[in-house]
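Its first residue numbered 1, the sequence shown is counted upward by one per residue in our numbering.
Think of the CB as a built atom: it goes at the ideal place given N, C-alpha and C, for glycine as much as any other residue.
Here the structure is a predicted model, which means the values were calculated and not measured.
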Amino acid sequence: MLLTGNPIFRREFLSACRAWKSRILISGYLLALAALLLLLWPAGGIHSVVTENTREIFSMFFGINLLLLMLIVPAFASGAITQERENETYQALFITPLTPFQIMIGKLCSSVLMLLILTILALPMASMCALTGGLDLPRMLRISSILFTAAIAYGLIGLACSSVCKRTSSAIFLTYVYLILFAGATWLPNALLANLLPSFSFLWQGIRSISPFDALAYLLYPEQYRSSMSIVLTEGSTAAIVLNPYYLYLFFSGVTAVIAFIIFYRNVKRPPQSGKVQKGNVYTEKKIFIKRKLTFPFYLLDPLRRKKPIGKFRNPVFVAEMRSKLFSNPQFVLRSVSAILIISILLMTLIAAQFSEQLDANAVRVAAILFQLGVVTLLAPGVSSSLITEEISCGTFQALRMTTLSPLTLIIGKLKATFFYAMIFIFSGILVFITMTYLQVQDVADELSVFTGKFWNELSTNMSNPEWCEQFCNIYLSLFVWIGILLLTTLVCLCAGLFASSIARNTSQATAFSYGFTGILCVVTLLPLPLAGKLTSRAAGTILAWNPFVTAIQTSSNMFREYPLFWRTHLCCMLLLIGLLLAASFFRVLYLFRKQS
Numbered sequence: 001m002l003l004t005g006n007p008i009f010r011r012e013f014l015s016a017c018r019a020w021k022s023r024i025l026i027s028g029y030l031l032a033l034a035a036l037l038l039l040l041w042p043a044g045g046i047h048s049v050v051t052e053n054t055r056e057i058f059s060m061f062f063g064i065n066l067l068l069l070m071l072i073v074p075a076f077a078s079g080a081i082t083q084e085r086e087n088e089t090y091q092a093l094f095i096t097p098l099t100p101f102q103i104m105i106g107k108l109c110s111s112v113l114m115l116l117i118l119t120i121l122a123l124p125m126a127s128m129c130a131l132t133g134g135l136d137l138p139r140m141l142r143i144s145s146i147l148f149t150a151a152i153a154y155g156l157i158g159l160a161c162s163s164v165c166k167r168t169s170s171a172i173f174l175t176y177v178y179l180i181l182f183a184g185a186t187w188l189p190n191a192l193l194a195n196l197l198p199s200f201s202f203l204w205q206g207i208r209s210i211s212p213f214d215a216l217a218y219l220l221y222p223e224q225y226r227s228s229m230s231i232v233l234t235e236g237s238t239a240a241i242v243l244n245p246y247y248l249y250l251f252f253s254g255v256t257a258v259i260a261f262i263i264f265y266r267n268v269k270r271p272p273q274s275g276k277v278q279k280g281n282v283y284t285e286k287k288i289f290i291k292r293k294l295t296f297p298f299y300l301l302d303p304l305r306r307k308k309p310i311g312k313f314r315n316p317v318f319v320a321e322m323r324s325k326l327f328s329n330p331q332f333v334l335r336s337v338s339a340i341l342i343i344s345i346l347l348m349t350l351i352a353a354q355f356s357e358q359l360d361a362n363a364v365r366v367a368a369i370l371f372q373l374g375v376v377t378l379l380a381p382g383v384s385s386s387l388i389t390e391e392i393s394c395g396t397f398q399a400l401r402m403t404t405l406s407p408l409t410l411i412i413g414k415l416k417a418t419f420f421y422a423m424i425f426i427f428s429g430i431l432v433f434i435t436m437t438y439l440q441v442q443d444v445a446d447e448l449s450v451f452t453g454k455f456w457n458e459l460s461t462n463m464s465n466p467e468w469c470e471q472f473c474n475i476y477l478s479l480f481v482w483i484g485i486l487l488l489t490t491l492v493c494l495c496a497g498l499f500a501s502s503i504a505r506n507t508s509q510a511t512a513f514s515y516g517f518t519g520i521l522c523v524v525t526l527l528p529l530p531l532a533g534k535l536t537s538r539a540a541g542t543i544l545a546w547n548p549f550v551t552a553i554q555t556s557s558n559m560f561r562e563y564p565l566f567w568r569t570h571l572c573c574m575l576l577l578i579g580l581l582l583a584a585s586f587f588r589v590l591y592l593f594r595k596q597s
């Protein structure tokens, strides 16, 4: 009666069940799992003992199941409160006879219940994995508990982000950041600090166990997992029980869920406050104003430039986007750039210190590529996913239709502004680019620096050697190819967000779609690696050619050398994808411009 009599729960749950978005997400989720299970099913029939094939089926199926669940969580949970704020109905909820506790319970249970239903629908296919042999009932129940715990904990994280943020796109972005930190980046302390601080091995192991993938690996491959641990534990000892990855994951998930619930409870329990007047000093004297304008950092962001007329031959949409997005919130830009710069410095320093004895150029190149592409795929979809939906929700899209601007001008202006905005964050990792350049120089002239005269003397001497010139050109060609991959990946993510913003009804749907597209491009295309025996070499290469991480690593290191000139195919695929997304966005915006409402 507590839920069935709650109007918030009934409205949220029934609308979510009837929405086409939920049907598409659930159908795609189940079809992807069914296709994966069909592809992994052993050709020789079922077995009664554990084999490498059955282990592969278990790990692949449950790993992809968990990954898809994490991608879907923000679509159901991260917009629970922010959509009410965007629709200006949040304050109206507190005028109704409903208590804040009833509002909180309705929002909480409707979001979490949809995720639990999604997990339950996948259980029949998960139970079919037991037919291949080697998976007993207790282990099956433990694996299922990992999925249920992840659904509840990550759903509460999405609700907490939704209660804190003012916009749905910010809530979804923040939710994905927490999911990446709690599920994907927990192995970094153990990988980067195990040799530097060996006395904290128990702490690094505990942080590593926060991830559900770590607990899943422990249940499926217990022997291999114990051999990879930085500490040696005796079977049955107290330390082995305490540091059991499965129990640690359940404990940390419970703590995370409680903290997220408290944040959600405090923000929803408290009625919304009216906007407060911003505090600050008001300067009326002209001398103080000129002095502030000519001192650092005020002259970098000149407020008067926002009021200058737009040039005749400039794109007005681009200028408006630059003034409203880039220069409207300089504090966010400066803090983000500083954070990326600090993280890149720490990452390079820890890698050099951790692997100082066996460090080679390839290891640093791979780390640099993963960091730069990770920044792009994390920030770019969220930047462009609100370009059209915000115009529609704010009521300014109708005004754009009455101007002389064409849909192409609108799309190019918005895409150009977001690309410039994204390039600021890319250039903030300039240290990574300098590291890559230095390592490329070391491959041509060992122990020399471009800042010394010996390097340039050797360069002028060896220019007459055809073999040396060919090696020099190939090395620097890989550097420029890596830069091209980075820029094209940025454009693909931005175009995906633009297209999602043109077809979605609100920003939350557009953001979820754009991050889902990015996840398919960067994660799903890695399936040929574990499915090497199931696919032909040509089919595996065709799928991997769409992945920017694989292509960049193959270009700048000795990995994936079985695919020669892989980068050419990738660049063609990215250009084709950019063209298709831009064309689809143009025709969609053209339809919206001509639509008679």
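(request) Could you tell me how far apart the beta carbons of isoleucine 157 and threonine 186 are, in whole angstroms, since I believe they sit closer than 8 Å? (result) The pair is not a contact, with the Cβ atoms about 15 Å apart (cut-off 8 Å).
(request) Please say whether phenylalanine 586 and leucine 408 have beta carbons closer to each other than 8 Å? (result) yes
(request) Report the residue from Arg314, Thr507, Tyr154 whose alpha carbon sits nearest the alpha carbon of isoleucine 412. (result) Arg314
(message) Taking the beta carbon of isoleucine 342 as the centre, do at least 16 other beta carbons fall within 10 Å, making it buried, or is it exposed?
(response) exposed
(message) Can you give me the C-alpha to C-alpha distance between tryptophan 204 and proline 245, rounded to a whole angstrom?
(response) 12 Å
(request) Could you have a look at proline 381 and say whether DSSP puts it in helix, strand or coil? (result) helix
(request) For leucine 248, name the three-state secondary structure that DSSP assigns. (result) helix
(request) Indicate the three-state DSSP secondary structure (helix, strand or coil) for serine 211 in the structure shown. (result) coil
(request) In angstroms with no decimal places, state the Cα-to-Cα distance between isoleucine 553 and threonine 569. (result) 15 Å
(message) Between the alpha carbons of leucine 400 and valine 589, how many angstroms are there, rounded?
(response) 11 Å
(request) Confirm, please, whether the CB-CB distance from isoleucine 263 to valine 375 is below 8 Å. (result) no
(message) Using 8 Å as the cut-off, can you tell me whether the stretch 134 to 154 makes contact with the stretch 61 to 79, which would need three or more C-beta pairs spanning the two stretches below that distance?
(response) yes
(message) Suppose the cutoff is 6 Å on Cβ atoms and the five residues either side in sequence are ignored; what does the same chain contact list for leucine 491 look like?
(response) Ile578
(message) Tell me which residues share the same chain as methionine 1 and place their Cβ nearer than 7 Å to its Cβ, disregarding the 5 neighbours each side in the sequence.
(response) Unreliable placement is indicated for methionine 1, whose pLDDT of 46 sits below 50; no coordinate value is reported for it.
(message) Classify threonine 551: buried if its beta carbon has 16 or more other beta carbons within 10 angstroms, exposed otherwise.
(response) buried
(message) Measuring CB atoms only, is the stretch 533 to 544 touching the stretch 387 to 405, in the sense that at least three cross pairs come out at less than 8 Å?
(response) no
(request) Using a Cβ cut-off of 8 Å (strictly closer), state whether leucine 71 contacts chain D. (result) The structure shown contains no chain D; it is built from a single protein chain.
(request) Pull up the distance between the alpha-carbon of tyrosine 265 and that of glutamine 102, whole angstroms please. (result) 11 Å
(message) I'd like the span of the alpha helix (DSSP H) that includes asparagine 315, first residue to last.
(response) Counting along the chain, asparagine 315 falls outside any alpha helix (DSSP H), and DSSP gives it neither H nor E.
(message) Assuming alanine 552 is part of the alpha helix (DSSP H), what are its boundary residues?
(response) 548 to 556
(request) Would you give the residue range spanned by the alpha helix (DSSP H) that glycine 184 belongs to? (result) Unbroken run through glycine 184: none, as it is neither H nor E.
(request) State yes or no: is the C-beta of glycine 184 nearer than 7 Å to some heavy atom of the ligand ADP? (result) As presented, the structure is devoid of all ligands, the ligand ADP included, so that no description of it is given.
(message) At the level of alpha carbons, what is the spacing between methionine 574 and cysteine 473?
(response) 24 Å
(message) Rounded to whole angstroms, what is the Cα-Cα separation between leucine 334 and threonine 175?
(response) 22 Å
(message) With a threshold of 6 Å on Cβ separation, who are the neighbours of threonine 256 within its own chain once the five nearest residues in sequence on each side are excluded?
(response) Ala153
(message) Which of the three DSSP states is assigned to glutamate 390 in this structure?
(response) helix
(request) Quick one: grab the DSSP three-state call for phenylalanine 586. (result) helix
(request) With DSSP collapsed to three states, give me the class of alanine 160. (result) helix
(request) Look at alanine 380 and methionine 322 and say whether their C-beta atoms are less than 8 Å apart. (result) no
(request) Report the three-state DSSP secondary structure of threonine 349 (helix, strand or coil). (result) helix
(request) Count the other C-beta atoms from every protein chain shown that fall within 10 angstroms of the C-beta of phenylalanine 427, then say buried if there are 16 or more, exposed otherwise. (result) exposed
(message) To the nearest angstrom, how far is the alpha carbon of leucine 193 from that of leucine 350?
(response) 7 Å
(request) Please classify methionine 114: is it buried, with 16 or more other beta-carbons within 10 angstroms of its beta-carbon, or exposed? (result) buried
(request) Determine the burial state of alanine 77: buried for a count of at least 16 other Cβ atoms within 10 Å of its Cβ, exposed for fewer. (result) buried
(message) What would DSSP say about valine 523, mapped onto helix, strand or coil?
(response) coil
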